[in-house]
Amino acid sequence: MEWTEYFAPLMRGAWVTIQLTVWSTIFGAILSFAAGIGKVSGNGFARWISVVYIEIFRGTSLLVQLFWLFFALPVAGQAIGVDLRMSPVVAGVLALSLNIGAYGAEVVRGAIQSVSHDQYEAARALNFTPRQALWRIALPQAIPEMMPTFGNLAVQNLKDTALVSLITLQDLAFRAEQLRNFTQDSTTIFTIVLFMYFGMALVLTAIMKLLERSVGRWKTARA
Amino acid sequence: MLFGYEWDTSAGPLVFAWSILPILLTGVLVTIQAAVLGFGIALVLGLVLAVLKAAPSRLISWPAHGVAEFVRDTPLLIQLFFLYYVLPEYGLLLPAFMTGALALGIQYSAYMAEVYRGGIEAVARGQREAARALNLSSARTFTHVVLPQAIPRIIPALGNYLVSIMKDVPILSVVTVMELLNVAKIIGDRTFNYIVPLSLVGLIYLIMTLIAAGGVRYLDKTLPKKGIALK
Chain A
1 MEWTEYFAPL MRGAWVTIQL TVWSTIFGAI LSFAAGIGKV SGNGFARWIS VVYIEIFRGT
61 SLLVQLFWLF FALPVAGQAI GVDLRMSPVV AGVLALSLNI GAYGAEVVRG AIQSVSHDQY
121 EAARALNFTP RQALWRIALP QAIPEMMPTF GNLAVQNLKD TALVSLITLQ DLAFRAEQLR
181 NFTQDSTTIF TIVLFMYFGM ALVLTAIMKL LERSVGRWKT ARA
Chain B
1 MLFGYEWDTS AGPLVFAWSI LPILLTGVLV TIQAAVLGFG IALVLGLVLA VLKAAPSRLI
61 SWPAHGVAEF VRDTPLLIQL FFLYYVLPEY GLLLPAFMTG ALALGIQYSA YMAEVYRGGI
121 EAVARGQREA ARALNLSSAR TFTHVVLPQA IPRIIPALGN YLVSIMKDVP ILSVVTVMEL
181 LNVAKIIGDR TFNYIVPLSL VGLIYLIMTL IAAGGVRYLD KTLPKKGIAL K
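For the protein sequence lines, the chains are A and B, in the order given.
Heads up, the first sequence is in this note's numbering, so the first residue is 1 and it goes up one at a time.
Heads up, the second sequence is in this note's numbering, so the first residue is 1 and it goes up one at a time.
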């Protein structure tokens, strides 16, 4: 097998990796906002749920979470008579989203809390409801602050997708290992794969920078 | 049976959990050893990388930046596979545990280089000028003036990376290192009960990270007050 022939299977794997990254980054962002806002909300129950979620998923290893969802949860489901078996894709996206969401939640919380207190007082003086103050005053100022860290988390997430190969999902890392078993040509294969991940990370960083610039406009309203 | 310890699946999950605890604790020991060794390697490599990145010559600093970026943007799992399969082809046969610790150290050196850079830049310029006025060589200035002031300040940030490394140790299970998760997975494979061992691993991780985070917070509170203030 010529080394140029490696690209077809690796590209198929890379496409899976890209899809995984996109979906888990999107779901992770939703979870970040849900838990980040939940942690600063006035509702005690929402606060409690958010703190527990964040602590559990930040405090344990991603691989442990992935194995737990994939191997342990179906057994737990069986015990109570519910079918909780998941395909590797679902378990993979779920674990990645939950993990990156917990890290993102702390970023969202920090950014919301960094919005100056005067802004909230001004909003109250103008008779905004707390919800309006959050969505129309705090978040438009907080989101540009979150973007640089979100960029780092997105790259972190891309790197983390490699772990789903361990629950038999056929991403780039899985294809690489498969090819290595077949050809024994470790050096070439893993060099190519490292550069493929690096390329994807550079593209992802560029996209996040564009996003950062486009939400950066929201900040200029503040004189 | 694993490592000479028996487990007991006859009487409920709690008895089972209790019976596998000694086995899991051997895994914890390996996890901590790998994390500490990886952390040590990252401490050294990170400092080297930080110094190279700050080198006056672009011939040195640009490649250093490139290497750091490359290491930071590629998955630990692939770097681990690379070291595990490629190093032996060039005659460097390391045990799986050492390869794993090396991979952890290399990955995190790229992150730690940034921490070092921040700490070094925080040491005021005046200090360096004063050292030069006192006729200290630039190497001596770095080791005796800049670093002793920079390091206490960055210890909490470095500590956070130790926690991160600990959470990445389970990845070493793919090259047969018998760390905590791998041990739990084997128990699960043999008893067909994944819930108890894997949940215990989660719980043990929570306890370890809580203790480590508490330690970092303690250092954060006490350290900067000692030594020379960075002003």
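For each residue, glycine too, the CB sits at the ideal point set by N, CA and C.
- Of all residues in the region 75–92 of chain B, the ones placed with a Cβ closer than 8 Å to any Cβ belonging to chain A are Pro75, Leu76, Leu77, Ile78, Gln79, Phe81, Phe82, Tyr85, Val86 and Glu89, in chain order.
- Arg131(A) and Val115(A) have their C-alpha atoms spaced approximately 15 Å apart.
- With contact defined as three or more Cβ pairs closer than 8 Å, the region 91–110 of chain A and the region 135–149 of chain A are in contact.
- By the Cβ-count criterion, Val82(A) is exposed, with fewer than 16 other Cβ atoms from all chains shown falling within 10 Å of its own Cβ.
- For Thr176(B), the CB contacts under 8 Å within the same chain, skipping 5 residues up- and downstream, are Ala96 and Asn182 in chain order.
- Residue contact check for Tyr53(A) against chain B: no CB pair falls below 8 Å.
- Restricting attention to Phe57(A), Phe45(A), Val51(A) and Leu172(A), the CA atom closest to the CA of Val201(B) is found in Phe57(A).
- Looking at the DSSP output, Leu2(B) sits in a beta bridge with Tyr5(B).
- Annotation: Phe57(A) has no Cβ neighbours in chain B at a cutoff of 8 Å; minimum Cβ distance is about 10 Å.
- With its beta carbon at least 8 Å from every one in chain A, Ser137(B) lies outside the interface.
- Boundaries of the alpha helix (DSSP H) harbouring Gly46(B): Gly12 to Lys53, taken from the DSSP string.
- In terms of Cα proximity to Thr99(B), the closest of Thr191(B), Gly27(B), Leu14(B) and Ala35(B) is Ala35(B).
- Residues of the region 137–163 of chain A with a C-beta less than 9 Å from any C-beta of chain B: Val155, Leu158, Lys159, Asp160, Thr161, Ala162 and Leu163, listed in chain order.
- About 6 Å separates the beta carbons of Ile192(A) and Tyr6(A), which is inside the 8 Å limit, making them a contact pair.
- Proximity of Ile171(B) to chain A, defined by a Cβ-Cβ separation below 8 Å, is satisfied.
- Take the alpha-carbon of Tyr120(A) and the one of Ala133(A): they are about 7 Å apart.
- Look at Gly12(B): its C-beta is not under 8 Å from any C-beta on chain A.
- Here Ser57(B) carries a coil assignment [DSSP, helix/strand/coil].
- For Leu200(B), no chain A residue has a C-beta closer than 8 Å to its own C-beta; the minimum C-beta separation is roughly 10 Å.
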